[in-house]
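Colleague: I'd like to ask you about the structure that follows.
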Amino acid sequence: MQRLDSRRLTGPNLLLPGPGALIDVALESGEDAQLAIATWRAMASQALEALGWASETLVAREFHGGMSVAFSAPNDALYTATELNEWAWDATARALGGEPAPKLEGPELERIAQALAAEQQPVLLRLEQEALGRGLNFCADDEWVTVGMGAGGKTWATPECPEPSEVAWSEVSDRPAAFVTGTNGKTTTVRMLESIVKAAGLRAGSCSTDRIIVDGQVVDEGDWSGTGGARAVVKHEEVDVCLLEAARGGLLRRGLGLPRVDVAAVTNVTADHLGEMGVHDVPELCEVKFVVERAAECLVLNADDAQVLERGERSSKPVTWFSLDCRHPKLAAALAAGFDVLTLRDGALLQQTAKGETQLAELDACPALLGGAAQHNVSNALAAAGVALHLGLSPASIASGLAAFGSDAQSNPGRLNRFEVDGATVLVDFAHNPAGLRAILETAQALRTGRFGMILGQAGDRDDASIVALARTCASFRPDRVVIKDMNEHARGRPEGEAADLIESQLRAEGLAGDQLQRISSELEAAKALLEWARPGDVALLLCHAQRDEVLTELARRA
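Just so you know, the sequence shown maps onto residues 765 to 1323 in the numbering used here.
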């Protein structure tokens, strides 16, 4: 048995409804997971009791090749909790190795008790209890603590948080808030929502895999799709509506950044990052995405996605379903049960209720939908519309917001950006898994009148099967030219060029050869090479990750 990771869980997460401490463990073939879990439970229980935490909840989860063990803990003692869990796991390993079962006592107990005393902030827990009791959000980290949200919130430096009696609670309130998760489409859906909120005359605060934005201004760039991004948005005083992307990594590492939101959307769940952090198949990944269910009052779910459909039917929360197929049986069943649904019919996005239907937007009026050619963006727009309605935004704001949301680098950088260069149609996108790639390839095929070419690469942190699947998806659309990029800046543990070698080998196995394939190390140079190849009527797809901004700048110059 090998301990892989020990970490704090600062919000609702896969194993627990709130904060706690978790350890991931790898098991060798033949090692007994059930025995290990039972032993850990015994060690952790007596350690928790010794520290005065006997009422905390213990949880374990088995997965292929390992397990996770966790227990709940107070919000002001999570570092100590991780240390206590590490002691319990080390004690488990010793006991399973044949040593006498140890007890947490003497100098070791005294050391951990001293660490707890130094970490604890009773005033923070009192403030948390008061805020949640008043129906207000509460979030805290090592630096800041916030009660309420956005323009209705109050924030203090964590060491200086006040007693509840010192807070002017009449001045504290929450703001409408939503989580958006899924494998593909999260960021685009959040950006569509930003445009809808702006059309409603309100100030949106959003976090995503690209950046934090408040009222149209970039506050910080980078991957902010975890708890840090959510808390940065919530504590900003110029935010009327909070739009929070929740990605797989953040959900697994720390949990959710807020204990409650009005609504959460799940766009889809397909294979991506499998084999990491105890998630080895798509159903397990789906459970990770549905962590947002713990915080949301209701859900907006994609009935066209088999995983989301199956898991959503087991949800205890009210669900608004959406589908590109107006005859989808799930929509009919939901309507019969009294729930609203969203769909596409006769070139328009519709909300259907028991009382009738409302047109939300026309496809031809929404640039990012490319008249319906971008089916994946139509699905994202339905998700955004469903969330917007639950946030209290009007159909008119949805129509205006989607009409203002373009397929350009300003509205949605790196996601289905369209350029015309010397008569060729050029698309720039972030697609990096087979499902996302298939969606953008279907869009490209709908636009082509001549040849089709693309650049393709993959980061090294995917397994061989995932990289091969990406190449197969590419080959199934029979491109006339594929420029393979090495992406050595994202080798992530693989030898340089190995991921590109796998892609090239599979493309050749699928029948692409000769002048159909080209190999270039730099993403920018690969894009330039494909642009030189393209001629009027062709479609060129540039899948950009490492040098997206440079590629967009080059395209803007050429266009």
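Where is the CB? At the ideal position from N, CA and C, for every residue including glycine.
Please read all numbers here as calculations on a predicted model, not as lab measurements.
In angstroms, rounded to a whole number, what distance separates the CA positions of residue 1122 and residue 1114?
Modeller: Those two C-alpha atoms are separated by around 6 Å.
Colleague: Do residue 1211 and residue 1139 have their C-beta atoms within less than 8 Å of each other?
Modeller: Not in contact: residue 1211 and residue 1139 (Cβ atoms no closer than 8 Å).
Colleague: Below 8 Å on the Cβ atoms is my guess for residue 1274 versus residue 1236; work out the distance and round it to an integer in Å.
Modeller: Confirmed, about 6 Å.
Colleague: Pick from 1230, 1262, 1179 and 1232: whose alpha carbon is nearest that of residue 1309?
Modeller: Out of 1230, 1262, 1179 and 1232, 1179 has the C-alpha closest to the C-alpha of residue 1309.
Colleague: Tell me which residue opens and which closes the beta strand (DSSP E) that residue 1249 is part of.
Modeller: From DSSP, the beta strand (DSSP E) with residue 1249 extends over 1245-1249.
Colleague: Would you report the Cα separation of residue 944 and residue 868, rounded to the nearest angstrom?
Modeller: Cα-Cα distance, rounded: 42 Å.
Colleague: Quick one: give me the first and last residue of the alpha helix (DSSP H) that residue 958 is part of.
Modeller: Looking at the DSSP string, the run of the alpha helix (DSSP H) that includes residue 958 is 950-963.
Colleague: Measure the Cβ-Cβ separation of residue 804 and residue 853 and say whether it is below 8 Å.
Modeller: Against a cut-off of 8 Å, the Cβ pair of residue 853 and residue 804 comes out as a contact.
Colleague: Going by DSSP in three states, residue 1218 sits in which element: helix, strand or coil?
Modeller: If DSSP states are grouped into helix, strand and coil, residue 1218 belongs with the strands.
Colleague: What are the boundary residues of the alpha helix (DSSP H) that residue 1292 is part of?
Modeller: First-last of the alpha helix (DSSP H) with residue 1292: 1287-1297.
Colleague: Express the C-alpha separation of residue 844 and residue 879 in angstroms, rounding to a whole number.
Modeller: Going from the Cα of residue 879 to the Cα of residue 844 covers about 6 Å.
Colleague: With a 10 Å radius around its C-beta and 16 neighbouring C-beta atoms as the bar for buried, classify residue 1243 as buried or exposed.
Modeller: It counts as buried.
Colleague: On the DSSP bridge assignment, give the partners of residue 831 in chain order.
Modeller: Answer is 789 and 826, bridged to residue 831.
Colleague: With residue 989 as the anchor, note down where its beta strand (DSSP E) starts and where it stops.
Modeller: No beta strand (DSSP E) contains residue 989, which DSSP labels as neither H nor E.
Colleague: My understanding is that residue 1021 touches residue 995, with C-beta atoms under 8 Å, so please give their C-beta distance in whole angstroms.
Modeller: With 8 Å as the limit, residue 1021 and residue 995 qualify as a contact, their Cβ atoms being about 5 Å apart.
Colleague: By the DSSP assignment, the beta strand (DSSP E) with residue 919 in it spans what residues?
Modeller: Run containing residue 919: 918-921, per the beta strand (DSSP E) assignment.
Colleague: Ignoring anything shorter than 4 residues, give me the alpha helix (DSSP H) runs that lie fully in the region 1161-1228, in order along the chain.
Modeller: Runs of the alpha helix (DSSP H) inside the region 1161-1228: 1198-1211.
Colleague: Could you give the C-beta distance for residue 1098 and residue 1056, rounded to a whole number, given that I count them as a contact under 8 Å?
Modeller: Actually they are not in contact, since the Cβ atoms of residue 1098 and residue 1056 sit about 19 Å apart, beyond 8 Å.
Colleague: Report yes or no: do the region 981-988 and the region 1033-1048 share at least 3 C-beta pairs separated by less than 8 Å?
Modeller: Counting Cβ pairs under 8 Å, fewer than three are found: no touch.
Colleague: Hey, how far is the Cα of residue 935 from the Cα of residue 916?
Modeller: One C-alpha to the other measures close to 7 Å.
Colleague: Check whether the region 903-913 touches the region 1136-1154, counting contact only when three or more Cβ pairs, one atom from each stretch, lie closer than 8 Å.
Modeller: Counting Cβ pairs under 8 Å, fewer than three are found: no touch.
Colleague: Could you say if the region 1158-1174 and the region 1282-1297 meet the contact criterion of at least three C-beta pairs nearer than 8 Å?
Modeller: The answer is no - the region 1282-1297 does not touch the region 1158-1174, with fewer than three Cβ pairs under 8 Å.
Colleague: Inspect the CB distances between the region 1104-1118 and the region 1182-1199 and report whether three or more fall short of 8 Å.
Modeller: Judged by Cβ distances under 8 Å, the region 1104-1118 makes no contact with the region 1182-1199, as fewer than three pairs qualify.
Colleague: In the DSSP assignment, find the alpha helix (DSSP H) that holds residue 1017 and state where it starts and stops.
Modeller: Per DSSP, residue 1017 belongs to the alpha helix (DSSP H) from 1012-1017.
Colleague: In terms of alpha-carbon separation, which member of 1151, 1110 and 1077 lies closest to residue 1135?
Modeller: Per the Cα distances, 1110.
Colleague: Along the chain, where does the beta strand (DSSP E) that runs through residue 870 open and close?
Modeller: Here residue 870 belongs to no beta strand (DSSP E); instead the alpha helix (DSSP H) covers 870-883.
Colleague: Quick check on this structure: which residue in 1085, 1112, 884 and 1078 has the alpha carbon closest to the alpha carbon of residue 1154?
Modeller: The option with the nearest alpha carbon to residue 1154 is 1085.
Colleague: Give the DSSP bridge partners of residue 902, in chain order.
Modeller: DSSP lists 911 as partners of residue 902.
Colleague: Would you kindly report the start and end of the unbroken alpha helix (DSSP H) that includes residue 1052?
Modeller: From DSSP, the alpha helix (DSSP H) with residue 1052 extends over 1046-1053.
Colleague: If we define contact as Cβ-Cβ less than 8 Å, is residue 926 a contact residue for chain D?
Modeller: Looking for chain D here will not work: only one protein chain is present.
Colleague: Whole-angstrom Cβ separation of residue 1164 and residue 1131, contact assumed at under 8 Å?
Modeller: Contact doesn't hold; Cβ gap of about 13 Å is too wide.
Colleague: Taking the alpha-carbon positions, what's the residue 975 to residue 1008 distance?
Modeller: So the alpha carbons of these two residues sit roughly 11 Å apart.
Colleague: To which residues does DSSP link residue 1312 through a beta bridge?
Modeller: In DSSP, residue 1312 forms no bridge with anything.
Colleague: Can you tell me the Cα-Cα spacing of residue 1253 and residue 1223, whole angstroms?
Modeller: Whole-angstrom Cα-Cα distance: 8 Å.
Colleague: Output the residue ranges of the beta strand (DSSP E) runs that lie fully inside the region 1057-1107 and measure 3 residues or longer, sorted by chain position.
Modeller: Here the runs fully enclosed are 1060-1066 and 1083-1087.
Colleague: Just to confirm before moving on: does the CB-CB distance between residue 1033 and residue 953 stay below 8 Å?
Modeller: No.
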